[in-house]
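Novice: The structure is given below, and queries will be raised subsequently.
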C-alpha cells in the first residue's frame, strides 16, 4: 500500500467543499517530502495498532498534512505551537523528530516525553499538545501574552471545527483581541467532530466568529497547497508584524477514521475526497518524485520503529507520602497586629518588587478598585502592565496564567469568589496539573491561584461555598489555606521563592479583616512546624484530652470553642491547623491523635468526602487498631442560604464545636 493512498470503509452524508483538481506549482520540494513523511508515519501507526504494538488510541492526520506544513514553513525558532489530539502532522512539520515521536507513541522511555504523554500529549522544540478540545486555547493565549511581554515570536494554536462548541475558545478570542496578542488560531475545518457532521452542530459561518472579535481572518484549503502556503504566510506575517491575533481557516478532510477504526461516514463521500487528495494527485502527476519521497519516508519511519522497539517502556515514578517522623515545633513571632488582607497585599507588593516575572490577573483587580476584597489595592499603579483586569472568564484567566507559567513567568491569578473555581476546573485539572509530569518534567507550571472561600458574609448559595475539597488530591498540584495565626506574608514569600507547581491558595473571606497575631487563650501557646508551609498548633500547657483538626477560617470559631471548653467543661483540646491541605503532612496530626485518642475535625465545607474524611482515613491507615474516637463537623448538606440566621445554623459555630468536642470526649 502506497503512502499516498490508504482507504477503509466508511458511511454518512457528503460534504460540500470538494473543488476541481488543483495546481501544485509553487510548493517547495521539501514540503512535499514532509507531507509524504507524515502520511507514511501515520499509516505505520495504524499498522502497529493492528499488530498490537501501540496502546490506547491514535488520531491520524491523513488528508490534513498540508495544514501543519504550510504554517510551520513560515515559523521561526522562537515561535511556539500548541496543538490538539490530532497533533502528529503538526509536530513532524515543525520538528521533523520522527524518532522521538514514534518512541513516544509506542510508550518507550526514549520518546520525546519519555513515553508519558503518548499520542496526544507532546512537548518538545517549542511545541505542545493536549487532548482536551478547546482547553488548549487559553494556554496558548497565555504563551502569546508571554511572547508579547518579552517581544519574542508568535504563538500558533491548532483547533478543529468541532472545537467551536467550546465557550472558552470565545473567551480567548476576546482576550487576544483586547490585549492585542501575537496569537494565530489555525482552524482545520474537516467537517466532522469525531462522527458528527458539522451540519448537525454548527450554525453560522466559521470566520465570522473571529470577525466578531475584530480578529483578522484568512481562508485557504489543502487541495491548493500553493495557495495554502501563501495564505498561511500572510497570516503568520500579520500576527508577527502587528502583534495582533489572526485566524486562519483551512478547509480540509480527514481521509481516515477519527481514531483507528471508528468511522461511519459515507464510503463514497470519502472516496471522492481521496480522488482529489493533493498527495494522490501529486503521485499521479510526478510518480518518480513521489516514489523517491515514499522510499525516504518509509526508511525513516521503519528505522524509528526499530529504534523504539529496542528501548524500554516508560516506568512510573511515585513520590512517597510523608507520614512518620517527629514534628519539631517552634514559636514564630508575628510582628505588629496587621489585618490579614494587608499581609497578603504586602507579600504581593514585595514579591513583585523583587521579581519582574510575577504577573497578576483577574477580574476588577486593577486600582483604584483593587479587587472585590481589596487585596491588590494599588499594585496596578505601582507595577505598570503587570496587573491586569480580565473579563468574567475564569477558565481563560487560569489558562492564561498556565501559559504564562509554562513560559517562565510567576503568574498570580485571582478568582473573585471560590465558588467560580468550578468554571476553571478543566484548566487546573487537565492542563496545569498535568503538564510537568506528562511532558516528562520539561516544563514547570509555577502559578498561584488565589481565591476567597467560605460563608458567614450573607452572600447566598453561589457566593458562600467552601469547594476546596473538589481540588484536593489532584496530582501535581498544591492546595494551601492561610489563617490568622501564621503570617500569610510568609506563606506567599515562600511560594514566590520555591513554587514549582500549580498552587491554589484558599483565603477565607471572614479572615480578611482578622488581625494576624500569635495571641492565644490563657494556658495555650501557638507553635508551628518547620518547612515552607507549616502545621500550626495551639498547644495547651497541660496534657490534652482531645485533638481538633481544622484549617482556614474555621480556626476562628475553633479557638473560641477551645477557650470555652477549658473554662466551662474542663476539656483540654489541642488544635492542629495545617496550611498545606494537599499534599498533607500527616505526622504532626498523627502524633497528637495517638496521644489523645480522640479526634474532632472541623471544616466549613461539606464533610462528606471532604478534607476531614481524608484525615480520618489516613490516621486509621497509619495507626491501625489504635481505637481512636472520631467525629467530623461540617456544613449542613444544603445550599447556603442568604438569610444570616439560617446561614449561621447551616455552618459550624462555636456552640456546635463545643457540643461535638464534648460528645467525642465522653468516655
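Numbering (the numbering used here), first residue to last: 1 to 667. Idealized CB from N, CA, C, for every residue including glycine.
Return helix, strand or coil for residue 559, following the three-state DSSP convention.
Specialist: Start at 1 with the first residue of the chain shown, and residue 559 comes out as number 559. If DSSP states are grouped into helix, strand and coil, residue 559 belongs with the helices.
Novice: Would you call residue 588 buried or exposed, if buried means 16 or more other Cβ atoms sit within 10 Å of its Cβ?
Specialist: The residue you call residue 588 lines up with position 588 of the chain shown. Classification of residue 588: buried, given that the 10 Å Cβ count is 16 or more.
Novice: According to DSSP, what are the bridge partners of residue 480?
Specialist: Working through the chain shown from its first residue, we reach residue 480 at position 480. Residue 480 is bridged to 505, 580.
Novice: Compute the Euclidean distance between the alpha carbons of residue 662 and residue 523, then round it to the nearest angstrom.
Specialist: If you number the chain shown from 1, residue 662 lands on position 662. If you number the chain shown from 1, residue 523 lands on position 523. Rounded to whole angstroms, residue 662 to residue 523 spans 19 Å at the Cα level.
Novice: Taking DSSP as the reference, what is the three-state secondary structure of residue 456?
Specialist: For the purposes of this step, residue 456 is identified with residue 456 of the chain shown, where counting begins at 1. Three-state DSSP puts residue 456 in coil, outside helix and strand.
Novice: So, for residue 104: in the same chain, excluding its five sequence neighbours on each side, which residues have a beta-carbon less than 7 Å away from its beta-carbon?
Specialist: As a working note, residue 104 is residue 104 in the chain shown. If we look at residue 104 and ignore the five residues flanking it on each side, its Cβ neighbours are 111, 112, 113, 115, 117, 118, 122.
Novice: Where residue 310 and residue 126 are concerned, what is the direct C-alpha to C-alpha distance, given to the nearest angstrom?
Specialist: One-based indexing of the chain shown puts residue 310 at position 310. One-based indexing of the chain shown puts residue 126 at position 126. If you take the alpha carbons of residue 310 and residue 126, they lie about 27 Å apart.
Novice: Using CA coordinates, which residue listed in 274, 415, 627, 44 is at the minimum distance from residue 54?
Specialist: Here residue 54 is taken as the residue at index 54 of the chain shown, counted from 1. Among 274, 415, 627, 44, the Cα nearest to that of residue 54 is on 44.
Novice: Quick check on this structure: which residue in 415, 394, 529, 418 has the alpha carbon closest to the alpha carbon of residue 139?
Specialist: Numbered from its first residue, the chain shown carries residue 139 at position 139. When each option's Cα is compared against that of residue 139, the closest is 394.
Novice: Quick one: grab the DSSP three-state call for residue 315.
Specialist: One-based indexing of the chain shown puts residue 315 at position 315. Note: residue 315 maps to coil in three-state DSSP.
Novice: Should residue 252 go down as buried or exposed, given a rule of 16 or more other Cβ atoms within 10 Å for buried?
Specialist: Numbered from 1 along the chain shown, position 252 holds the residue referred to as residue 252. It is buried - the Cβ of residue 252 has at least 16 other Cβ atoms within 10 Å.
Novice: Across which residues does DSSP place residue 250 in a beta bridge pair?
Specialist: If you number the chain shown from 1, residue 250 lands on position 250. Paired residues: 188, 220.
Novice: Relative to the C-alpha of residue 483, which candidate in 510, 462, 493, 459 has its C-alpha closest?
Specialist: By one-based count along the chain shown, residue 483 stands at place 483. Nearest C-alpha to residue 483: 510.
Novice: Are the CB atoms of residue 403 and residue 146 within a distance shorter than 8 Å?
Specialist: Translated into positions along the chain shown, residue 146 becomes position 146. Translated into positions along the chain shown, residue 403 becomes position 403. Yes, Cβ-Cβ distance for residue 146 and residue 403 is below 8 Å.
Novice: What three-state label does DSSP hand residue 383 in the structure shown?
Specialist: For this step, residue 383 is matched to residue 383 along the chain shown. Reduced to three states, the DSSP call for residue 383 is coil.
Novice: List the endpoints of the continuous alpha helix (DSSP H) containing residue 351.
Specialist: For the purposes of this step, residue 351 is taken as residue 351 along the chain shown, with counting starting at 1. Element bounds for residue 351: 340–354.
Novice: If we count the other Cβ atoms within 10 Å of its Cβ and call it buried at 16 or more, is residue 644 buried or exposed?
Specialist: As a first step, residue 644 must be located in the chain shown, where it is residue number 644. Exposed, by the Cβ-count rule.
Novice: Alpha carbon to alpha carbon, how far is residue 547 from residue 593? Give it in angstroms, no decimals.
Specialist: Taking the chain shown and counting its residues from 1, one reaches residue 593 at position 593. Taking the chain shown and counting its residues from 1, one reaches residue 547 at position 547. Their Cα atoms are separated by approximately 6 Å.
Novice: At the level of alpha carbons, what is the spacing between residue 8 and residue 57?
Specialist: Counting from one through the chain shown, the residue named residue 8 turns up at place 8. Counting from one through the chain shown, the residue named residue 57 turns up at place 57. For residue 8, the predicted model reports a pLDDT of 35, less than 50, meaning its position is unreliable; a value from the coordinates is still stated below. Whole-angstrom Cα-Cα distance: 17 Å.
Novice: Any idea if residue 582 is buried or exposed, counting beta-carbon neighbours within 10 angstroms, 16 or more meaning buried?
Specialist: In the chain shown, counting from the first residue as 1, residue 582 sits at position 582. Buried, since its Cβ has 16 or more Cβ neighbours within 10 Å.
Novice: Taking the alpha carbon of residue 243 as the reference point, which residue from 300, 88, 177, 529 has its own alpha carbon closest?
Specialist: Reading the chain shown from its first residue, position 243 is the one you call residue 243. Selected option, being the one with the closest Cα: 177.
Novice: Going by C-alpha distance, which of 264, 647, 48 is nearest residue 456?
Specialist: Taking the first residue of the chain shown as position 1, residue 456 is located at position 456. It is 647 whose Cα lies nearest to the Cα of residue 456.
Novice: If you follow the alpha helix (DSSP H) that residue 527 is part of, which residue opens it and which one closes it?
Specialist: Residue numbering aside, residue 527 sits at position 527 when the chain shown is read from its first letter. First-last for residue 527: 524–529, but that is the beta strand (DSSP E), not the alpha helix (DSSP H).
Novice: Can you find at least 3 beta carbon pairs, one from the stretch 290–306 and one from the stretch 467–479, that sit closer than 8 Å?
Specialist: Segments in contact, no.
Novice: How far does the alpha helix (DSSP H) with residue 662 in it extend, from its first residue to its last?
Specialist: Residue mapping note: residue 662 aligns to position 662 of the chain shown, counting from 1. 654–665 is the span of the alpha helix (DSSP H), which, as asked, contains residue 662.
Novice: Drop a sphere of 10 angstroms on the beta-carbon of residue 451, count the other beta-carbons inside from all chains shown, and report buried for 16 or more, exposed for fewer.
Specialist: As a position in the chain shown, residue 451 is number 451, starting the count at 1. By the 10 Å Cβ count, residue 451 comes out buried.
Novice: What do you get for residue 462, buried or exposed, if any count of 16 or more other CB atoms within 10 angstroms of its CB means buried?
Specialist: Working through the chain shown from its first residue, we reach residue 462 at position 462. Exposed, since its Cβ has fewer than 16 Cβ neighbours within 10 Å.
Novice: For residue 622 versus residue 586, is the C-beta spacing smaller than 8 Å?
Specialist: One-based indexing of the chain shown puts residue 622 at position 622. One-based indexing of the chain shown puts residue 586 at position 586. Yes.
Novice: Check for me: the beta strand (DSSP E) holding residue 612 runs from which residue to which?
Specialist: Within the chain shown, numbered from 1, the residue matching residue 612 stands at position 612. Per DSSP, residue 612 belongs to no beta strand (DSSP E); it is in the alpha helix (DSSP H), 611–622.
Novice: Could you tell me the boundaries of the alpha helix (DSSP H) in which residue 287 lies?
Specialist: Indexing the chain shown from 1 puts residue 287 at position 287. Here the alpha helix (DSSP H) through residue 287 covers 287–309.
Novice: Residue 270 and residue 250 - do their beta-carbons sit closer together than 8 Å?
Specialist: The residue labelled residue 250 in the question sits at position 250 within the chain shown. The residue labelled residue 270 in the question sits at position 270 within the chain shown. It is not a contact, given that the beta carbons lie outside the stated cut-off.
Novice: For residue 240, report the span of its alpha helix (DSSP H) as first-last.
Specialist: Here the question's residue 240 lines up with position 240 in the chain shown. Note, residue 240: alpha helix (DSSP H), 225–242.
Novice: With a 10 Å radius around its C-beta and 16 neighbouring C-beta atoms as the bar for buried, classify residue 315 as buried or exposed.
Specialist: Numbered from its first residue, the chain shown carries residue 315 at position 315. Residue 315 is exposed by the Cβ-count criterion.
Novice: Spell out the partners DSSP gives residue 629 in its beta bridges.
Specialist: Taking the first residue of the chain shown as 1, we reach residue 629 at position 629. Paired residues: 598.
Novice: Among the residues of its own chain, which have a CB less than 7 Å from the CB of residue 235, if the five just before and after it don't count?
Specialist: On the chain shown, residue 235 is found 235 positions in, with the first residue counted as 1. So the qualifying residues of the chain are 184, 218, 246, 248.
Novice: Count the CB pairs spanning the stretch 651–660 and the stretch 549–565 that are closer than 8 Å, and state whether there are at least three.
Specialist: At 8 Å Cβ cutoff, the stretches touch.
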